[in-house]
Amino acid sequence: MTMTTNTTTTNTATAKISVQGVRKTFQLKNEEFVALDHVDLDIADNEFVTVVGPSGCGKSTLMNILAGLEEPSSGHALVDGEEVSGPGPERGVIFQQYALFPWLTVRKNVEFGLKVGGVPKAARRERAEYFIRMVGLEQFADALPKMLSGGMKQRCAIARAYAVNPSILLMDEPFGALDALTRVKLQEQLLETWNREKRTVMFITHDVDEAVFLANRVIVMAARPGRIYETVEVDLPYPRTEDVRLSPEFGELRNRVWHAVYHQEPGTNAGTTSSSPTA
Ligand SMILES: Nc1ncnc2c1ncn2[C@@H]1O[C@H](COP(=O)(O)OP(=O)(O)OP(=O)(O)O)[C@@H](O)[C@H]1O
Ligand SMILES: [Mg+2]
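If you want my numbering, it's the position in the sequence shown, counting the first as 1, plus 1395.
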C-alpha cells in the first residue's frame, strides 16, 4: 500500500484550524497540572481528523480550547487565521456529555440554533425535521430530554449540531453512548454529510476502528503531559464501505494506531507517520 508520508502541519496560511505551541495548565491544590504541552496541529479546510489517546491525555481540553470554552495558558488557537476568543456559529460542538436544554422538546432543541440564527419558522421546522429523521428520532420529536435514553439524547445533540450547518464540527466522543448499529449508521451518515458538504471535522473517540474508519488523519495523544504522540495518515479510499472496513490495509492502520495508543513510551513522542505500518 502506498501512503503519503506525513503532512502534520499544513501551511498555516491555508489551515482552517491551527494550534500553535499550546500549553494548558490547571492549578491544583499544591501544584500546577500540565494538561497540554507543546501541542502543534494544523487541520486543513475540509479535512477529517480523529483524535485518540488514553483517558486524561487532554483530548477534551484541546477541543474545548478550539470551541472557545477554555483559553490556552500559552500558545495560540486559530480558526481561519483568527485567534479563537469564544464560541462561534461556524463551530458546531458536540460534547462528550450530551448537553440538551431539559425544558425544550427534541424538536425545539434541534431548532434552537436556527432560531438564534434568525432562520424563519417554516424553514427551521423543515430543517429540524430532516435531521431528526436522520438520527431516527422522529417518533420522539415532541418528547422532552428526560424521556429519552442516553443514546437518544446524544442523537438529539448530534441533530442539533448538524442543523446549524457549521463549517467546523468539533465532536467529543459523540457516538460513545450509542449501540453498535446506530453507531455504524451515524458514522456512515457523518461521512456522507462530510463528502457532500464541505466540513472540517475534529472527532475525538476511544474507538480505534472508528478513528481509522472516519479519518484522513488520526492524531494519537499521550498523557503526562498531554501531547501529540503520533500522527497516522489514513490513505484509504472514500466512500468508506464495508469492503474498506474489512480490507487488510484497514487492519494494518488499525493495528498501528492501536499500538501507538496502548504501547506508548512514557515521556516520548513517536513523532509523525511513517509511510508504512511496519514499525
Ligand atoms: N477544569 C479542570 N481543572 C483541573 N483539571 C482539569 C480540568 N479539566 C481537565 N483537567 C485535567 O486535565 C487532564 C485532561 O483532561 P481531559 O478531559 O482533556 O482528558 P481526555 O483526554 O478528554 O480524557 P477522557 O478520555 O477521559 O475524556 C485530566 O487529568 C483532567 O483531570
Ligand atoms: Mg474527554
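All residues carry an ideal CB built from backbone N, CA and C; glycine is no exception.
Check	Outcome
When burial is assigned at 16 or more other CB atoms within 10 Å of the CB, is Phe1490 buried or exposed?	buried
Does DSSP put Lys1548 in a helix, in a strand, or in coil?	helix
What residues are listed by DSSP as bridge partners for Gly1487?	Leu1564
Put Arg1555 into one of helix, strand or coil per three-state DSSP.	helix
Tell me whether the region 1580 to 1599 and the region 1515 to 1522 touch, counting them as touching only if at least three CB pairs, one residue from each stretch, are closer than 8 Å.	no
Strictly by DSSP, which residues pair up with His1471?	Gln1415
Can we count Gln1491 as close to ligand 2, meaning its CB is less than 7 Å from some heavy atom?	yes
May I ask you to report which of helix, strand or coil DSSP gives Gln1584?	helix
Check whether the region 1648 to 1655 and the region 1607 to 1622 are in contact - that is, three or more C-beta pairs closer than 8 Å.	yes
Here's the rule: buried if 16 or more other CB atoms are within 10 angstroms of the residue's CB, otherwise exposed. What is Ala1523?	buried
With hydrogens ignored, establish whether the beta-carbon of Lys1419 is closer than 7 Å to any heavy atom of ligand 2.	no
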